[in-house]
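Student:
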Amino acid sequence: MNDILFGNNNGAVIKKLSGRYFKASKSRNIIAIIAIVLTTILFTTIFTLGSGLMDTVHDQNIRKAGGDGQAVLNYISDEVYNDIAGSSLIDRIAYTKAVSYRLQNPGLERWRSDLWYMDDTALEFARYTPTTGRRPEAEHEIIADTKTLDALGVPAQIGETVSLTYEVKGKLYTTDFTLCGFWETDSLSNIGRLVVSKAFVDAHSDILTYTYPVDNDYSGVVSAYVMFRGNGDIEASHGAYLIEPGEKAWSIARRIGQGRQTPVKVTFNNIRTSDRLASRLASRMDFTAGEFEEACRKAAVADTLSPEQIAAQFLPDTYEVYWSATPEELIAKIRKHYSRFWDDARREKARKLGLTPLQVSVLASIVEEESNRRDERPKIARLYLNRLNRGMLLQADPTVKFATGDFEAKRITGAMLKSGSPYNTYRYPGLPPGIIRYPEAATIDAVLNAPEHSYIYMCARPDGSGYHDFTSDYQTHLDNARRFRKAAYGGSKPS
0 MNDILFGNNN GAVIKKLSGR YFKASKSRNI IAIIAIVLTT ILFTTIFTLG SGLMDTVHDQ
60 NIRKAGGDGQ AVLNYISDEV YNDIAGSSLI DRIAYTKAVS YRLQNPGLER WRSDLWYMDD
120 TALEFARYTP TTGRRPEAEH EIIADTKTLD ALGVPAQIGE TVSLTYEVKG KLYTTDFTLC
180 GFWETDSLSN IGRLVVSKAF VDAHSDILTY TYPVDNDYSG VVSAYVMFRG NGDIEASHGA
240 YLIEPGEKAW SIARRIGQGR QTPVKVTFNN IRTSDRLASR LASRMDFTAG EFEEACRKAA
300 VADTLSPEQI AAQFLPDTYE VYWSATPEEL IAKIRKHYSR FWDDARREKA RKLGLTPLQV
360 SVLASIVEEE SNRRDERPKI ARLYLNRLNR GMLLQADPTV KFATGDFEAK RITGAMLKSG
420 SPYNTYRYPG LPPGIIRYPE AATIDAVLNA PEHSYIYMCA RPDGSGYHDF TSDYQTHLDN
480 ARRFRKAAYG GSKPS
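Note that the sequence shown covers residues 0 to 494 in numbering that gives the first Met the number 0.
(1) Which stretch, first to last residue, makes up the beta strand (DSSP E) that contains Leu280?
(2) Less than 7 Å between C-beta atoms, sequence neighbours within five positions excluded: which residues of the same chain meet that for Asp478?
(3) Whole angstroms are fine: how far does the CA of Pro397 sit from the CA of Ser370?
(4) Tell me whether Gly497 sits in a helix, a strand or coil according to DSSP, three-state version.
(5) Would a C-beta distance cut-off of 8 Å place Leu362 and Tyr337 closer than the cut-off?
(6) So the candidates are Leu171, Gln308, Val79; which of them puts its Cα closest to the Cα of Val98?
(7) How many angstroms separate the CA atom of Gly85 from the CA atom of Glu123?
(8) Taking 8 Å as the cut-off, decide whether the C-beta atoms of Thr177 and Asp144 are in contact.
(9) If you compare alpha carbons, which of Tyr94, Tyr456, Ala349, Ala395 is closest to Glu368?
(10) Which residue marks the beginning of the alpha helix (DSSP H) containing Ala441, and which one marks its end?
(11) Check this for me: beta carbons of Gly465 and Arg372, under 8 Å apart or not?
(12) Which residues does DSSP pair with His467 in a beta bridge?
(13) Around the Cβ of Ile309, are there at least 16 other Cβ atoms within 10 angstroms (buried) or fewer (exposed)?
(14) With DSSP as the reference, label Lys409 as helix, strand or coil.
(15) Going by beta carbon distance, what residues of the same chain come within less than 7 Å of Arg334, once the five residues before and after it are set aside?
(16) Look at the alpha carbon of Ile141 and the alpha carbon of Phe181, and state the distance between them as a whole number of angstroms.
(17) To the nearest angstrom, how far is the alpha carbon of Phe286 from that of Leu329?
(18) Can you grab the Cα-Cα spacing for the pair Trp341 / Gly353, in whole Å?
(19) Can you give me the Cβ contacts of Tyr127 inside the same chain, cut-off strictly under 7 Å, excluding the 5 residues immediately before and after it?
(20) Does the stretch 419-438 come close enough to the stretch 268-284 that 3 or more CB-CB pairs lie under 8 Å?
(21) Nearest-angstrom Cα distance between Glu307 and Glu292?
(22) Candidates Gly413, Tyr318, Tyr321, Tyr422: which alpha carbon is nearest Leu393's?
(23) Tell me, which residues are paired with Tyr94 by DSSP?
(24) Do the CB positions of Tyr94 and Ala223 come within less than 8 Å of each other?
(25) With a CB to CB cut of under 6 Å and the five nearest residues on each side skipped, what residues in its chain are close to Asn388?
(26) For the alpha helix (DSSP H) holding Lys485, just list the boundary residues, first then last.
(27) With Phe401 as the anchor, note down where its alpha helix (DSSP H) starts and where it stops.
(28) Please identify the residue among Leu416, Ile455, Phe469 whose C-alpha is closest to the C-alpha of Pro461.
(29) Let's test the definition: count the other Cβ atoms within 10 Å of the Cβ of Thr403 and tell me whether it reaches 16, buried, or not, exposed.
(30) What residue ranges within the stretch 126-209 form continuous beta strand (DSSP E) runs of no fewer than 3 residues, ordered along the chain?
(31) Following the continuous alpha helix (DSSP H) through Leu314, name the residue where it begins and the one where it ends.
(32) Tell me, to the nearest whole angstrom, how far the beta carbon of Lys348 is from that of Val200; I am working on the premise that it is less than 8 Å.
(33) Where in the stretch 288-357 do unbroken runs of the alpha helix (DSSP H), each at least 4 residues long, occur, reported from the N-terminal end onward?
(34) With a threshold of 8 Å between beta-carbons, can Asn215 be considered close to chain C, or not?
(35) I'd like the span of the beta strand (DSSP E) that includes Leu114, first residue to last.
(36) How is Asn268 classed by DSSP in three states: helix, strand or coil?
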């Protein structure tokens, strides 16, 4: 799907530019989304005061839509870019090309960064122009923001080596770059950026091909930030609009002018923390992660809920909303889905287990972290229920990882077990106060429908299958653990 994100609602601009675009793209059956992201007040104020509005919400939306550009055309090809760039309606246009959205370096699992090429105009619009050093010119020169450098463990010093492992079209590449410039990470940013040279992109044009319409691979896609001539007349048509191939330009302009939006689908799953959830949703919607987190806090206060209680109400699923929906509107929709999910039948099952819906969700989050094997999760759920009923410590390794924030730990060490966090189930009895990931509805049902058995111990199998060996006998459990350690670590115990 090709996204065209417009910040200009001038009828003539839309009619002429969209006409050119769809004429060029019709043979490829490209579908575009046109999103109006600026209002009259925003536009007037920005061009009157410029960068003085960096701390405003309006400016955050501009940054999300490509810096100072009035519009951003996403996921297009070089061919489409070249066609649009020649339009007499455009005053300035910035060119960027995605190299990789999947960087594999340690440290970037907590601070996401992408690898791009950006021309001088793009660096200016996005405010990535190096404050120290210069833009990259040689093939293996690179610039980056300071938070990304810190995550990579690279000192912010010109001449340092930046070794990156990144995925392009399903293949991993490792390249050693030389840092030639950097800039301070902006406080509004929730994502980092590394920028390579045009020489690098040209040298690797054979792998940075445009295949997005076929495989949705971002590597090789072009994004163009646009400034129109005369600034245009901006009207309140804020939203997202699905444009069908062959649709007439006048029809597109009229629909946008009337604000007849097309709903978009927002999906989230496999998320552990609230800040990650906020970033995921903000990346798909017209609000910032900070605005979403603040709306969650206000919703919790309004309904006298703890942060743990409201977090558990976010069930991973696909939600259909308008792109311009406020954080409050999206939160209300998600919570309504949660209320429907917890019907009388499920609440009765929770009551029979002696748990509240929140406690069921907490246990489901632990079960989900323990195993990727969905068919094993009901058995794991019953094991923890057995331990709870016997008054035993849960001693769930995933809770220790959550307590220490070390989600990538391969082994639980003695130092980690000393954590004073209430999420450390090796030290504190019962369930932790909140979820340690956003559990799926299926895992919650696995807890509610956990089959009866007497197991209270489990250990990963030594065959690497991802399954566990279960037992109710402690000595047997020790034997299972010994076999696993021998296969995984040569028999050594964690220090």
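No residue lacks a Cβ here, since even glycine has one placed at the ideal position from N, Cα and C.
Tutor: To lay it out plainly:
(1) Careful: Leu280 lies outside any beta strand (DSSP E), inside the alpha helix (DSSP H) at 273-281.
(2) Cβ within range, chain order: n/a, list empty.
(3) In this model, Ser370 and Pro397 are separated by some 10 Å (Cα to Cα).
(4) Lying before the first or after the last residue shown, residue 497 is absent from the chain, which here runs from 0 to 494.
(5) no
(6) Leu171
(7) 20 Å
(8) no
(9) Ala395
(10) 440-447
(11) yes
(12) The partner list for His467 (beta bridge, DSSP) reads Ala459.
(13) buried
(14) Lys409: coil per DSSP, three-state reduction.
(15) Gln312
(16) 9 Å
(17) 11 Å
(18) 16 Å
(19) Answer for Tyr127: Met117, Trp182, Arg192, Val194, listed in chain order.
(20) yes
(21) Roughly 13 Å between the two C-alpha positions.
(22) Tyr422
(23) Looking at the DSSP assignment, Tyr94 forms a beta bridge with Ala223.
(24) Against a cut-off of 8 Å, the Cβ pair of Ala223 and Tyr94 comes out as a contact.
(25) Excluding its 5 nearest sequence neighbours in each direction, Asn388 has no C-beta neighbour in its own chain below 6 Å.
(26) 473-488
(27) 396-403
(28) Phe469
(29) Answer is buried; the Cβ neighbour count reaches 16.
(30) Runs of the beta strand (DSSP E) lying entirely within the stretch 126-209, each at least 3 residues long, are 140-144, 160-167, 170-182, 191-195 in chain order.
(31) No alpha helix (DSSP H) holds Leu314; DSSP gives it neither H nor E.
(32) Actually they are not in contact, since the Cβ atoms of Lys348 and Val200 sit about 56 Å apart, beyond 8 Å.
(33) 288-301, 306-310, 326-340, 343-352
(34) As a matter of chain content, chain C is missing from the structure shown, which is built from one protein chain.
(35) 112-117
(36) coil
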